[in-house]
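Q: Here the sequence shown stands for residues -28 to -1, 1 to 242, where the numbers follow mature numbering (1 follows the signal peptide of the UniProt record, and there is no 0).
All residues carry an ideal CB built from backbone N, CA and C; glycine is no exception.
Predicted, not measured: the structure shown is a model, and the values here were computed from it.
I have a structure here, written as structure tokens, and I will follow up with some questions on it.
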Amino acid sequence: MRRPFVRALALVAAAAAIPLVSPAPARADAVIGGYPVEISATPWTVALTSRDRFGGTRAGQFCGGVVIGRSSVLTAAHCLSEDVLGTPPRQVPDLKVVAGRADLRADAGSEAAVRDIWINPEYDGYTNAGDFAVLTLSEPLAAGSVIPMAGPGDAAYRPGTEAVVYGWGDTTGGGAYASTLRASRVQVLSDAVCEEAYPGSADGTYLAGSMLCAGEAGGRDACQGDSGGPLVAQGRLIGLVSWGNGCGRAGSPGVYVRVSEVARALRGGR
Ligand code: 4AZ
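This is the structure in structure tokens:
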């Protein structure tokens, strides 16, 4: 299931009066199996929004992002695809980064305009490899909202590490997007487990060098609408929500961009 969330939202935007027909919720509970969090606990977690594209009820939230520099927000490349936005990203009139706001219906925090968009030219929409992009903000955010990125060989990538994923995405697998920020605890899984789950199909292909996967027997997971948001362990950003087969399904862990490789790519030349 690649990028279905945004397709659903684009549909909502296109036909706002038509109720979205959803399958029965797979599991009761945001991220799936999550709990509410205050934005002060995770100030680096931001929402990508466009009321023009996605409607105003949840400030137009369609993806997550992470503050990696005072004016730099990391997100998923697929969040900025034409498939998701219905138009090239530079033609979205009101693309914004909302920071310091957990409740999308409130007006806390700030809405920053985007000055520049860089999409990884190596992003492959078939395998999902290289699913990252960087937004440069018009105004810098507070220094305290920046999270350090894990580097290659960071101990937090060890299988069994407890990590937390944050987002405003689907809480049920059935299209119930959260209005307030939630978090879910997941465990970093081994490459062998991830490769076995995703050997290569229409969902995507697990590539150990540039992805990691995480999940929980209890069904805790990221889901549609969480894409581009952070997976954090030991105080460092280790992953970005990217893809998976459904949400919270046994044997189908969530797949994340391996942030240590992003750091390498950004250093290496863009
Ligand atoms: C998505 O479509 C998506 N369970 C994001 C995360 C996961 C699945 C799908 C992981 O944006």
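Ends of the alpha helix (DSSP H) at CYS185?
A: No alpha helix (DSSP H) holds CYS185; the beta strand (DSSP E) holding it covers 183 to 187.
Q: In angstroms with no decimal places, state the Cα-to-Cα distance between MET121 and GLY102.
A: Those two C-alpha atoms are separated by around 16 Å.
Q: Helix, strand or coil, according to DSSP, for ALA236 in the structure here?
A: Inspection of the sequence shows that residue 236 is occupied by Arg rather than by Ala. Three-state DSSP puts ARG236 in a helix.
Q: Have a look at SER173, LEU153, SER82 and flag the residue whose alpha-carbon is nearest the alpha-carbon of THR99.
A: Measuring from the Cα of THR99, the nearest candidate turns out to be SER173.
Q: Below 8 Å, is the gap between the Cβ of GLN196 and the nearest heavy atom of ligand 1?
A: Yes; taking the cut-off as 8 Å, the Cβ of GLN196 has a heavy atom of ligand 1 nearer than that.
Q: At what residues does the alpha helix (DSSP H) containing LEU57 begin and finish?
A: From DSSP, the alpha helix (DSSP H) with LEU57 extends over 54 to 57.
Q: Does DSSP put TYR170 in a helix, a strand or coil?
A: TYR170: coil per DSSP, three-state reduction.
Q: Any heavy atom of ligand 1 closer than 8 Å to the Cβ of VAL229?
A: Answer for VAL229: no, Cβ out of range of ligand 1.
Q: Look at GLY37 and ASP24 and say whether their C-beta atoms are less than 9 Å apart.
A: No. Outside cutoff.
Q: Just how far apart, CA to CA, sit SER110 and GLY187?
A: Going from the Cα of SER110 to the Cα of GLY187 covers about 36 Å.
Q: Less than 8 Å between the CB of SER224 and some heavy atom of ligand 1, yes or no?
A: Yes; taking the cut-off as 8 Å, the Cβ of SER224 has a heavy atom of ligand 1 nearer than that.
Q: From the DSSP output, which residues share a beta bridge with VAL35?
A: The question names Val, yet the displayed sequence has Cys at residue 35. Its beta-bridge partners are LEU20.
Q: Between VAL38 and ligand 1, is there a pair consisting of the residue's CB and a ligand heavy atom that are separated by less than 8 Å?
A: Every heavy atom of ligand 1 is 8 Å or more from the Cβ of VAL38, so no.
Q: Whose CA, out of PRO60, LEU212, THR144, GLN196, lies closest to the CA of LEU184?
A: Looking at the Cα atoms, LEU212 is the closest of the given residues.
Q: Less than 7 Å between C-beta atoms, sequence neighbours within five positions excluded: which residues of the same chain meet that for GLY116?
A: Answer for GLY116: PRO15, listed in chain order.
Q: Identify every run of the alpha helix (DSSP H) within the segment 121 to 181, keeping only runs that are complete inside it and at least 4 residues long; order them along the chain.
A: Fully enclosed alpha helix (DSSP H) runs of 4 or longer: 163 to 169.
Q: With DSSP run on the structure shown, which of helix, strand or coil describes ALA222?
A: Here ALA222 sits in coil by DSSP.
Q: Output the distance between the C-alpha atoms of PRO(-6) and GLY240, rounded to the nearest integer angstrom.
A: Confidence is the limiting factor: at PRO(-6) the pLDDT is only 37, short of 50, which leaves the residue's position unreliable, though a coordinate-based value still follows. C-alpha separation (whole angstroms): 44 Å.
Q: Can you tell me which residues form a DSSP beta bridge with LEU107?
A: Paired residue(s): VAL45, ILE89.
Q: For TRP215 and GLY41, what's the separation of their Cα atoms in angstroms?
A: Computed Cα separation, rounded: 24 Å.
Q: Assign SER232 to buried or exposed, taking buried as 16 or more other Cβ atoms, counted over all protein chains shown, within 10 Å of its Cβ.
A: Classification of SER232: buried, given that the 10 Å Cβ count is 16 or more.
Q: Can you tell me whether ARG73 is buried or exposed? The criterion is at least 16 other CB atoms within 10 Å of its CB, across all chains shown.
A: ARG73 comes out buried.
Q: Within its chain, find whatever has a CB closer than 8 Å to the CB of PRO(-25); leave out the 5 residues flanking it on each side and keep chain order.
A: Confidence at PRO(-25) is low in this model, with a pLDDT of 39, below 50, so the placement of that residue should be treated as unreliable; the coordinate-derived value is given next. These residues qualify, in order along the chain: GLN196.
Q: Given 8 Å as the limit, tell me if CYS219 has its C-beta closer than that to any heavy atom belonging to ligand 1.
A: Yes; taking the cut-off as 8 Å, the Cβ of CYS219 has a heavy atom of ligand 1 nearer than that.
Q: Mark ALA180 as exposed unless 16 or more other C-beta atoms lie within 10 angstroms of its C-beta, in which case mark it buried.
A: So ALA180 ends up on the exposed side.
Q: Nearest to VAL106 by CA position, among GLY28, GLY5, SER43, VAL118, is which residue?
A: Taking only the C-alpha atoms, the option nearest VAL106 is SER43.
Q: Does the distance from the C-beta atom of VAL227 to that of TYR149 stay below 9 Å?
A: No.
Q: Which residues in the same chain have their Cβ closer than 7 Å to the Cβ of GLY132, if we skip the five residues on either side of it in sequence?
A: For GLY132, where only same-chain residues beyond five positions count, the Cβ hits under 7 Å are GLN159, VAL160.
Q: Ligand 1 heavy atoms versus the CB of ASP55: any closer than 8 Å?
A: Incorrect: ASP55 has no Cβ contact closer than 8 Å to ligand 1.
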